[in-house]
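Student: Residue numbers (the working numbering), protein chains in the order written: chain A, 96 to 301; chain B, 96 to 301.
2 protein chains.
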Amino acid sequence: MTETDPAQPAPESAVDATDGTAPETTGPLAHIAAALRRERQKAGLSLTELARRAGVAKSTLSQLESAAGNPSVETLWALSVALDVPFALLVQPARPQVQLVRAGEGPRFAADRADYLATVLSTCPPNARRDLYLITAEPGSVRESDPHMPGVVEHVVLSTGRALVGPSDDPAELAPGDYIAYPGDLPHVFEALESGTTAVLVSEHT
Amino acid sequence: MTETDPAQPAPESAVDATDGTAPETTGPLAHIAAALRRERQKAGLSLTELARRAGVAKSTLSQLESAAGNPSVETLWALSVALDVPFALLVQPARPQVQLVRAGEGPRFAADRADYLATVLSTCPPNARRDLYLITAEPGSVRESDPHMPGVVEHVVLSTGRALVGPSDDPAELAPGDYIAYPGDLPHVFEALESGTTAVLVSEHT
DNA sequence: TCCGACTGTTCAGCTTGACGAACGCGGCCA
DNA sequence: TGGCCGCGTTCGTCAAGCTGAACAGTCGGA
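1) Give the DSSP-derived three-state secondary structure of Glu299 of chain A in the structure shown.
2) Under 8 Å, do Leu281 of chain B and Glu268 of chain B count as touching if we go by C-beta distance?
3) In terms of alpha-carbon separation, which member of B:Glu160, B:Val252 and B:Pro123 lies closest to Thr293 of chain B?
4) Of all the beta strand (DSSP E) runs that stay within the bounds of the region 272 to 297 of chain A, which reach a length of 3 or more residues?
5) Check the Cβ of Thr143 of chain B against every Cβ in chain A and list those closer than 9 Å, keeping chain order.
6) Leaving out the 5 sequence neighbours to the left and right, which residues in its chain are closer than 6 Å to Tyr274 of chain B when beta-carbon positions are compared?
7) Three or more beta-carbon pairs under 8 Å between the region 159 to 174 of chain A and the region 123 to 131 of chain B, yes or no?
8) Closest by CA to Ala129 of chain A, which one among A:Leu296, A:Val295 and A:Leu184?
9) Do Gly256 of chain A and Val284 of chain A come within 8 Å of each other at the CB atom, strictly closer than that value?
10) Use the C-beta contact count for Asp226 of chain A: other C-beta atoms within 10 angstroms, 16 or more gives buried, fewer gives exposed.
11) Taking only beta carbons into account, state which residues of the region 246 to 271 of chain B come closer than 7 Å to chain A, listed in chain order.
12) Say whether chain A places a C-beta atom closer than 8 Å to the C-beta of Glu169 of chain B.
13) Indicate whether Ser254 of chain B and Pro271 of chain B have their beta-carbon atoms separated by less than 8 Å.
14) Using a Cβ-Cβ distance under 8 Å, would Phe285 of chain B count as near chain A?
15) Against chain B, with Cβ distances strictly below 8 Å, would Leu288 of chain A count as a contact?
16) For Leu159 of chain B and Glu249 of chain B, I'd like the C-alpha separation in whole angstroms.
17) With H, G and I counted as helix, E and B as strand and the rest as coil, what does DSSP make of Ala258 of chain A?
18) Opposite Leu253 of chain A in the DSSP bridges: which residues?
19) For Leu174 of chain B, which residues from the same chain have a beta carbon less than 6 Å from its beta carbon, with the 5 sequence-adjacent residues on both sides left out?
20) Quick check on Ala146 of chain A: buried or exposed, where buried means 16 or more other Cβ atoms within 10 Å of its Cβ?
21) What does the Cβ neighbour count give for Gly279 of chain A, buried or exposed, with the cut at 16 atoms within 10 Å?
22) For the alpha helix (DSSP H) containing Ala267 of chain A, list its first residue and its last residue.
23) Only counting the same chain, and skipping five residues up and downstream in sequence, which positions put a Cβ closer than 7 Å to that of Ala138 of chain A?
24) With the cut-off set at 8 Å, would you say Tyr228 of chain B and Ser290 of chain B are in Cβ contact?
25) Excluding the 5 residues preceding and the 5 following Ser151 of chain B in the sequence, name in chain order all residues of the same chain whose CB lies nearer than 8 Å to its CB.
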């Protein structure tokens with residue numbers, strides 16, 4: 096691994112929430128070292144103890160925390176399991192930013208029907224696979240979504256109005272404040288039951 | 096890596112969305128192989144071409160897609176960059192489920208003030224670091240949050256009412272449907288300006 | 001004070017992943 | 001048909017990760 100070919104057309108997302116890719120390109124090893132040490136002592140484990148639980152040599156762990164080394168996936172995996180933290184947390188650097196989308200603004204997903212409107216609030220930055228939508232729908236319009244990618248989970252919080260939301264075979268009637276989550280890779284539905292129905296939808300690409 | 100000590104007190108979250116850890120313990124290598132091949136041909140790249148872009152030997156890539164091998168993080172990282180997919184996608188298996196929380200239900204975060212109420216809708220499963228809250232607040236209550244973990248990003252969509260939300264030094268006044276995201280590791284505020292103000296909050300632990 | 005158990009570090013060794021070259025295969029064009 | 005270029009696979013070689021033991025340093029008790 097001498098160099099990482101920077102020839103990347105950077106097919107960024109539309110809204111360009113933030114650039115999560117650039118800082119990552121520096122390499123994850125430094126971040127791994129820091130995250131590993133941080134998570135370990137957050138869990139109150141000694142280096143020796145963690146190594147024992149994870150089934151790796153403590154020397155290995157020591158080197159990793161010293162940012163000396165390029166661990167194999169299995170090794171890092173074992174550590175993430177022993178630490179009970181998501182694997183990605185050990186690898187992905189973070190990136191903050193402030194972003195504001197006014198009610199009317201934002202790219203809209205023109206629906207097949209005019210009475211269903213989905214506004215993109217935050218499209219997934221490359222390392223945090225989730226989209227945020229604001230849904231506005233009028234009654235009479237049944238929004239039958241075909242299944243998306245496998246592993247997608249959708250979360251819906253109803254803001255105003257009433258709606259029938261969930262898996263097509265067993266949707267739930269939501270009132271303001273109600274919440275439902277369901278696998279997006281199965282057919283699902285969004286049907287407004289009142290005028291002025293709005294909801295927040297989080298689509299999680301896992 | 097002979098054994099993975101299963102002695103894990105499983106400090107699960109309250110709501111217990113699903114257990115994402117158990118199925119992962121089988122090992123990520125098989126999933127990596129599948130994901131790698133899938134993402135590659137989804138991108139329309141030949142094995143040779145992807146290897147060239149990522150700067151890894153095509154033999155290595157071939158072995159990885161054959162589930163023969165335990166790649167180093169750098170290698171897998173280079174591939175994830177070349178494929179322009181989040182690193183975690185290559186490693187994490189998915190897990191679906193349906194979950195419903197009614198408006199009044201769900202564990203509540205009793206606030207320091209009685210006029211601010213946060214209901215947990217979906218607390219982060221171990222491999223998808225984000226929490227979903229429903230916020231109910233009354234005017235007069237300024238909710239000054241101290242910074243959380245570094246790398247946390249909060250997303251707020253206002254459902255009803257009006258509120259002042261964002262970084263403490265420069266909050267934004269939100270109307271229904273407005274959206275804002277800001278780094279959660281800086282001091283931030285949530286102040287309702289109207290009675291019956293509700294919002295959806297996504298806390299992303301990165 | 002000495003002793004033991006603990007922390008995290010460093011050092012030889014074996015193992016293994018990454019590399020490049022050579023291979024067999026299939027499509028294309030002269 | 002022969003030649004060529006692309007594909008993905010397999011094979012030795014070398015470097016690097018992982019390991020276990022031996023190492024200095026710290027804390028607590030006898």
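Just so it is clear, CB atoms sit at the ideal spot from N, CA and C, and this is done for glycine as well.
Tutor: Answer, in terms of the structure:
1) Walking along the first sequence from the start, residue 299 of chain A turns up at place 204. Residue state, collapsed to three classes: strand.
2) As a first step, residue 281 of chain B is located in the second sequence; it is residue number 186 there, counting from the start. As a first step, residue 268 of chain B is located in the second sequence; it is residue number 173 there, counting from the start. Against a cut-off of 8 Å, the Cβ pair of Glu268 of chain B and Leu281 of chain B comes out as no contact.
3) In the second sequence, the residue the question calls residue 293 of chain B occupies position 198. Among B:Glu160, B:Val252 and B:Pro123, the Cα nearest to that of Thr293 of chain B is on B:Val252.
4) 274 to 278 and 283 to 287
5) As a position in the second sequence, residue 143 of chain B is number 48, starting the count at 1. Those do not exist, as Thr143 of chain B stays about 14 Å from chain A at its closest Cβ, beyond 9 Å.
6) Taking the second sequence and counting its residues from 1, one reaches residue 274 of chain B at position 179. So the list reads Val252, once near-sequence residues are dropped.
7) yes
8) Here residue 129 of chain A is taken as the residue at index 34 of the first sequence, counted from 1. Taking only the C-alpha atoms, the option nearest Ala129 of chain A is A:Leu184.
9) One-based indexing of the first sequence puts residue 284 of chain A at position 189. One-based indexing of the first sequence puts residue 256 of chain A at position 161. No, Cβ-Cβ distance for Val284 of chain A and Gly256 of chain A is not below 8 Å.
10) Locating residue 226 of chain A in the first sequence gives position 131, where the first residue counts as 1. When all chains shown are included, Asp226 of chain A counts as buried.
11) Gly246, Val248, His250, Val252, Ser254, Thr255, Gly261, Pro262, Ala267, Ala270 and Pro271
12) The residue labelled residue 169 of chain B in the question sits at position 74 within the second sequence. It does: the Cβ of Glu169 of chain B has a partner Cβ on chain A nearer than 8 Å.
13) For this step, residue 254 of chain B is matched to residue 159 along the second sequence. For this step, residue 271 of chain B is matched to residue 176 along the second sequence. In this structure, Pro271 of chain B lies closer than 8 Å to Ser254 of chain B by Cβ.
14) Within the second sequence, the letter at position 190 stands for residue 285 of chain B. Answer no: the Cβ-Cβ gap between Phe285 of chain B and chain A never drops below 8 Å.
15) What you label residue 288 of chain A is simply residue 193 of the first sequence in a count that begins at 1. Chain B, which has no Cβ nearer than 8 Å to the Cβ of Leu288 of chain A, makes this no.
16) By 1-based counting over the second sequence, the position of residue 159 of chain B is 64. By 1-based counting over the second sequence, the position of residue 249 of chain B is 154. Each residue's alpha carbon lies about 36 Å from the other.
17) Within the first sequence, residue 258 of chain A is the residue found at index 163, counting from 1. Ala258 of chain A: strand per DSSP, three-state reduction.
18) Locating residue 253 of chain A in the first sequence gives position 158, counting from the first residue. Its beta-bridge partners are A:Ala294.
19) Translated into positions along the second sequence, residue 174 of chain B becomes position 79. Same-chain partners within the cutoff: Ala149.
20) In the first sequence, the residue the question calls residue 146 of chain A occupies position 51. Ala146 of chain A is buried by the Cβ-count criterion.
21) For the purposes of this step, residue 279 of chain A is taken as residue 184 along the first sequence, with counting starting at 1. Buried, by the Cβ-count rule.
22) Taking the first residue of the first sequence as 1, we reach residue 267 of chain A at position 172. That residue, Ala267 of chain A, is in no alpha helix (DSSP H); its beta strand (DSSP E) goes Ala267 to Leu269.
23) Taking the first sequence and counting its residues from 1, one reaches residue 138 of chain A at position 43. Here the set comprises Leu178.
24) Taking the second sequence and counting its residues from 1, the one referred to as residue 228 of chain B is at position 133. Taking the second sequence and counting its residues from 1, the one referred to as residue 290 of chain B is at position 195. No, the Cβ-Cβ distance between Tyr228 of chain B and Ser290 of chain B is not below 8 Å.
25) Here residue 151 of chain B corresponds to residue number 56 of the second sequence, with the count starting at 1. The question names Ser, but residue 151 of chain B is Val in the sequence shown. Closer than 8 Å at the Cβ level, and outside the excluded window around Val151 of chain B, lie Thr170, Ala173 and Leu174.
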